[in-house]
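> Encoded as structure tokens, here's the structure I'll be asking about.
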Amino acid sequence: MKASTLICAATIVLSGAALADDMGGMKMDNMNGMKMDNMGSMAQQPAKSMTAEGVGVVKAVDTAKGTVTLAHQPIKEMHWPAMTMSFKVTDAKLLEGISAGQHVHFTLQGSNKNCVVTAIKADS
8 MKASTLICAA
18 TIVLSGAALA
28 DDMGGMKMDN
38 MNGMKMDNMG
48 SMAQQPAKSM
58 TAEGVGVVKA
68 VDTAKGTVTL
78 AHQPIKEMHW
88 PAMTMSFKVT
98 DAKLLEGISA
108 GQHVHFTLQG
118 SNKNCVVTAI
128 KADS
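The working numbering puts the first residue of the sequence shown at 8, with every later residue one more than the last.
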């Protein structure tokens with residue numbers, strides 16, 4: 008292999024590392040749900056369904072839509088930092104007695120982007 012080819016290949020590798028830094032340091036081992044096929048392209052893997060427990064503060068309740076907005080603490084099982092999110096509930100009856108401002112414990116079921124609240128209880 009010629010020296011010019013090696014220099015070009017090294018430049019591409021280094022450019023790729025710089026691009027990864029510009030993308031927030033995204034690394035291959037952090038790309039959950041993705042796989043590389045034999046052509047080197049990325050294909051979406053179906054996300055694994057799981058159950059996770061969380062705690063947070065209710066920001067809004069919409070019984071008509073069957074949703075609750077929660078400002079939750081980090082959820083380790085989902086690898087989520089603390090944030091505010093709206094979730095569908097599996098049954099609108101879960102929202103009875105739940106109101107904005109309450110501290111709650113809740114259970115999620117699903118995958119990273121498609122979780123539903125299966126249980127929610129206000130702290131006493």
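Cβ atoms here follow ideal geometry from the backbone N, Cα and C, with glycine treated the same way.
Compute the Euclidean distance between the alpha carbons of Ala-78 and Ser-56, then round it to the nearest angstrom.
Going by the C-alpha atoms only, they are around 22 Å apart.
> Please report how far the alpha carbon of Asp-130 lies from the alpha carbon of His-86, in whole angstroms.
24 Å
> Buried or exposed for Gly-61, please, with buried defined as at least 16 other CB atoms from any protein chain shown within 10 angstroms of its CB.
buried
> With a threshold of 6 Å on Cβ separation, who are the neighbours of Asn-39 within its own chain once the five nearest residues in sequence on each side are excluded?
Confidence in Asn-39 is poor, its pLDDT being 46 and thus under 50, which makes the residue's placement unreliable; the coordinate value appears in the next sentence. Correct list: empty, nothing qualifies.
> Among the residues of its own chain, which have a CB less than 8 Å from the CB of Ala-80, if the five just before and after it don't count?
Just to set this straight, residue 80 is Gln in the shown sequence, not Ala. Cβ within range, chain order: Gly-61, Val-62, Gly-63, Ala-89.
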